[in-house]
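Reading through the structure tokens given below for one structure.
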Amino acid sequence: MTGAEQAKYHRIPTDESEAQTLASADLDGIKSHRFEDVPGVRRHLVRKSTKGQVVHVGKDHQETSIRSQKKDRTPHEVFVELNELIMDKNQEMQWRETARWIKFEEDVEEETDRWGKPHVASLSFRSLLELRKTISHGAVLLDLDQKTLPGIAHQVVEQMIISDQIKAEDRANVLRALLLKHSHPSDEKEHSHNPFPRNISAASLGSMLPHHHSSNHIHQPEPSVTEPLMGSASLKESTPNIGMHRSKSKHELKLLEKIPENAEATVVLVGDVKYCSVDFLEQPTMAFVRLQEAQELDSVLEVPVPVRFIFVLLGPSSTNMDYHQIGRSISTLMSDKHFHESAYLADDRQDLLNAINGFLDCSIVLPPSEMGGEELLHSVSRFQKEMLRKREEQGALLSLLSPGKPGDDPLQRTGRPFGGLIRDVKRRYPKYASDFKDALNAQCAAAVIFIYFAALSPAITFGGLLGEKTEGLIGVSELIVATALQGILFCLLGAQPLLVVGFSGPLLVFEEAFYSFCKGNGVEYLTGRVWIGFWLIIIVVMMVALEGSFLVRFVSRFTQEIFSCLISLIFIFETFSKIGKIFVEHPLQRCSSGNSTAENSTMENSPLELEPNTALLSLVLMSGTFFIAFYLRKFKNSAFFPGKLRRIIGDFGVPIAILIMVLVDYSIRDTYTQKLSVPSGFSVTSPEKRGWVINPLGMDTPFPIWMMFGSMLPALLVFILIFMETQITTLIVSKKERMLVKGSGFHLDLLVIVVLGGTSALFGLPWMAAATVRSVTHANALTVMSKAVAPGDKPRIQEVKEQRVTGLLVAILVGLSIVIGDLLRQIPIAVLFGIFLYMGVMSLNGIQFTERLMLLLMPPKYHPDHTYVRKVKTLRMHLYTLIQLVCLASLWAVMSTVASLAFPFVLILTVPVKMFLLSRIFTTREMQCLDSDDAEPIFDEREVHDEYSEMHMPV
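Numbering of the sequence shown is given in the working numbering, commencing with residue 36 and proceeding in unit increments.
Quick look at the structure:
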């Protein structure tokens with residue numbers, strides 16, 4: 036063979052057309068027996084340095100050039116597709132997709148040809164060892180600079196020859212195998228709507244196109260490189276309409292939603308050549324390819340995702356090797372986060388082998404055993420979690436040692452007066468315009484309707500309670516106005532507009548206690564509140580000037596959970612308390628005889644007349660509202676109806692529940708139910724007792740001077756309550772897992788809320804705080820879950836709609852509730868009790884304290900696999916829970932007695948209890964485990980099912 040001929044056969048193709056020409060030339064060479072194996076030549080055609088650089092041989096076989104382009108090795112998320120070599124029903128060879136990985140494995144069920152359920156891949160230990168062996172001896176091409184499948188295939192074949200895996204005369208056969216067409220389970224359905232075949236190799240497609248003529252050379256019709264293996268049927272297929280972009284099918288669009296953005300694909304091609312006309316391979320041949328840049332390879336994958344990695348394993352049928360299991364093994368490895376990151380960063384073969392070793396270090400080998408079921412799963416899960424924890428420790432240590440950007444911590448002190456406040460303004464206000472643009476979203480509209488009822492219900496319910504406890508001095512009217520005005524101003528001025536400003540249970544306790552104090556000492560209640568408001572403003576200005584919000588750091592999870600449970604319990608207790616009061620005022624009625632005066636009438640002959648019963652209907656309305664809202668929220672995660680419809684029903688669950696129960700009440704006309712007490716027009720609750728402006732010097736009698744200064748003490752108590760509830764709520768809403776991007780402002784929000792509340796006291800309006808339950812509900816309603824979730828995996832937070840419009844509209848609508856009073860008066864008060872109960876119960880979800888309370892009633896073998904369960908002895912964990920329960924009971928006891936005015940001080944005492952008492956009882960490690968967040972979801976919406984199940988349909 037001449038040098039020119041050698042160059043023709045051995046030169047690496049630079050584009051797709053040249054690759055086809057070389058492939059056809061290979062075919063002609065085999066037919067004429069002109070190819071000769073010259074080991075001295077083929078061993079120096081392509082060489083790869085240890086750093087992944089590829090050495091290319093020039094046309095004269097003498098000069099070499101090394102491509103040292105800058106390589107992008109940034110790890111991406113990976114989509115893996117396993118293709119196996121099969122013979123189709125037309126007796127043609129093809130690559131058939133049999134499994135895929137986004138995170139978990141999904142297999143094609145052979146009987147039904149549909150996708151099975153996603154599951155954790157279980158691998159045989161032998162297949163992993165065989166995979167490691169093949170990589171250690173096979174061809175490894177890193178940072179390959181090719182853009183087409185034929186170009187990649189030619190370089191893979193050349194490297195297989197160089198590594199002595201195949202003979203030179205097998206070049207064309209292996210090349211044809213690599214360029215076979217690809218088919219997928221969804222193709223049959225697509226072909227029924229599209230007469231043109233989609234999945235056909237680039238080489239076969241090129242062979243069906245008219246050959247181009249140019250002034251330099253004329254091509255004669257040449258056979259396809261796939262013809263000898265596939266037969267002539269592929270040439271008989273209709274030619275696709277080239278030049279027109281194929282629109283994505285519904286199947287592709289749904290699958291693309293689950294694949295993370297900017298993901299890159301791994302194609303795994305495995306199989307034996309037993310289906311070929313000639314069993315041409317004597318031993319298995321393998322190639323692991325990482326492209327320099329991800330490329331979209333036409334018709335290879337079932338979805339248009341750029342391919343970065345290619346794994347090829349071909350071999351004879353005589354070998355004792357399970358190609359399918361090895362393909363599953365490399366696919367599972369590539370879907371593993373740590374391994375595919377190592378694959379991106381690998382410089383040579385040894386880096387890949389080290390990554391396999393790391394994978395094996397965290398894998399579990401189960402010996403043959405008859406044990407199965409939950410016992411096996413439990414033991415495996417605990418063992419693997421421990422192994423994974425060790426793997427994560429190094430990465431976690433590095434992240435702790437890496438310094439963060441200055442200013443990342445909103446609670447970091449600047450050391451300058453009002454430094455924290457100034458930093459909050461500079462951080463948040465530049466994003467003010469986007470707070471209105473980001474609200475142009477349908478989810479925000481749904482949130483407005485839901486949060487409106489969630490805000491109106493406590494305003495009316497707490498207003499009624501406050502009116503009872505203050506004898507009408509502050510009632511529903513004042514609470515609605517305060518909620519509207521303070522809500523509007525906070526949404527316009529605050530740093531974290533996700534907070535919902537409202538009245539709360541702890542403030543109700545204080546108002547009742549202060550009213551009793553004033554009544555017992557002959558002091559005007561409303562005037563005393565004005566002076567408390569003045570002192571509140573002074574206290575908050577001093578606190579903000581000294582950057583005192585950093586004190587929230589000392590409010591540990593121990594105190595947060597007690598406070599959160601207390602608020603939830605107040606919601607639940609007040610609901611049943613009001614229902615109990617209805618039963619007292621409207622006791623149950625017996626069924627009476629229609630002719631009771633007739634002494635000779637018997638019970639059998641007397642028609643029964645059922646009397647209307649208010650209490651029973653009120654209980655039905657409350658329970659119905661709660662259960663409809665609760666189960667519609669669960670319905671959002673069910674398997675019924677398409678995903679979008681389920682989400683709409685779940686998002687509007689509370690308004691739907693209210694509407695249904697109002698219609699039920701309206702349909703029962705012969706039974707009285709108490710309706711919402713909404714004032715007619717803009718008037719105070721008791722016009723005969725007070726007006727809209729409160730005189731600081733006294734309304735009826737002069738206000739005592741000593742009480743003007745003495746109001747500083749109750750002002751400090753109110754400030755403690757507002758500080759605790761507002762800052763704890765901000766901490767919960769601003770958890771890093773929510774991925775908020777606009778930041779928050781502890782100093783600015785506290786200043787705005789307290790100043791607004793202090794000023795409102797001049798008008799006889801109640802002060803407010805950032806209501807925990809409503810704020811968390813607001814944030815949840817604005818949370819967007821990512822659609823790019825691996826099948827079988829839990830959804831992740833994609834973003835939270837951080838904007839000011841929803842809170843602003845809710846506050847405005849609450850204020851307009853006075854205008855639409857006639858409509859609101861049709862809503863039974865029992866329906867709002869149901870919403871009250873719903874918010875209280877749902878807010879208990881995700882609190883570790885409530886979970887540990889339930890563990891008190893469970894045998895240890897049924898305890899969940901949480902850190903605080905595994906790392907802390909059961910009795911000591913229960914002791915920690917009981918101490919928290921004692922603190923909660925003490926708070927409730929103080930709140931229910933005449934000493935309720937000191938309730939905020941008792942709440943603050945839980946901080947030193949945690950810092951000084953618990954630190955002497957429990958070790959540091961136990962405290963860290965009990966304070967861990969591994970069992971706490973971001974919110975109580977534990978979605979584990981999504982519309983991806985619609986894709987598991989037969990095709």
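For each residue, glycine too, the CB sits at the ideal point set by N, CA and C.
Taking a contact to mean a Cβ-Cβ separation below 9 Å, would you say residue i touches residue j in this structure?
i       : j       : result
Arg-131 : Ser-221 : no
Thr-764 : Leu-926 : no
Phe-868 : Thr-706 : no
Asp-371 : Leu-177 : no
Leu-654 : Ile-864 : no
Val-302 : Phe-344 : yes
Leu-944 : Thr-916 : no
Met-774 : Gly-792 : no
Ala-816 : Gln-531 : no
Gln-521 : Ile-788 : yes
Leu-800 : Ala-517 : yes
Val-536 : Gly-780 : no
Arg-668 : Phe-675 : no
Glu-337 : Glu-292 : no
Ile-597 : Gln-919 : yes
What is the C-beta distance between residue i and residue j, in whole angstroms, given that I count them as a contact (C-beta under 8 Å)?
i       : j       : result
Phe-538 : Phe-497 : 5 Å
Ser-735 : Glu-513 : First, the amino acid is wrong: residue 735 is Asp here, not Ser. With a Cβ gap of about 19 Å, Asp-735 and Glu-513 do not count as contacting.
Leu-388 : Ser-159 : Rounded, the Cβ-Cβ distance is 19 Å, inconsistent with contact.
Thr-818 : Ile-832 : 6 Å
Val-728 : Ala-519 : Contact doesn't hold; Cβ gap of about 18 Å is too wide.
Thr-133 : Glu-119 : 5 Å
Ser-721 : Gly-557 : Not a contact, Cβ separation roughly 20 Å.
Glu-940 : Val-689 : What sits at residue 940 in the sequence shown is Phe, not Glu. Not confirmed; about 36 Å, so no contact.
Lys-836 : Lys-466 : About 13 Å; that fails the 8 Å criterion.
Val-113 : Met-369 : 6 Å
Glu-144 : Arg-135 : Incorrect: roughly 13 Å between the Cβ atoms, too far for contact.
Cys-922 : Val-946 : Cys-922 to Val-946, Cβ: 11 Å. No contact.
Leaving out five residues on either side along the sequence, give the residues of the same chain with a beta carbon under 7 Å from the beta carbon of residue i.
i       : result
Trp-570 : Ser-746, Met-747, Ala-750
Pro-341 : Glu-299, Ala-300, Ala-329, Gln-330, Glu-331
Lys-613 : Phe-868
Ser-492 : Leu-867, Ile-870, Phe-871
According to DSSP, simplified to helix, strand and coil, what is residue i?
i       : result
Met-122 : strand
Phe-344 : strand
Ala-390 : helix
Ile-855 : coil
Ser-377 : helix
Asp-470 : helix
Leu-953 : helix
Arg-325 : strand
Gly-780 : coil
Val-308 : coil
Met-128 : strand
Ala-174 : strand
Gln-963 : helix
Glu-299 : strand
Phe-160 : helix
Please list, in chain order, all residues of the same chain as residue i whose beta carbon is under 6 Å from its beta carbon, the five residues on each side excluded.
i       : result
Ser-603 : Gly-875, Ser-878, Leu-879
Between residue i and the rest of its own chain, which residues show a CB-CB distance below 8 Å, the 5 nearest in sequence each way excluded?
i       : result
Ile-361 : Ser-162, Glu-165, Leu-166, Thr-169, Val-305, Leu-348
Asp-386 : Ser-377, Leu-380
Met-912 : Arg-887, Leu-890, Tyr-903, Val-904, Leu-965
Asn-648 : His-621, Leu-623, Gln-624, Thr-706
Ala-814 : Leu-533, Val-768, Arg-773, Val-835, Phe-974
Quick check on the burial criterion: 16 or more other C-beta atoms within 10 angstroms. Buried or exposed for residue i?
i       : result
Ile-509 : buried
Gly-563 : buried
His-154 : exposed
Val-805 : The question names Val, but residue 805 in the sequence shown is Ala. Classification for Ala-805: buried.
Lys-771 : exposed
Phe-525 : buried
Leu-542 : buried
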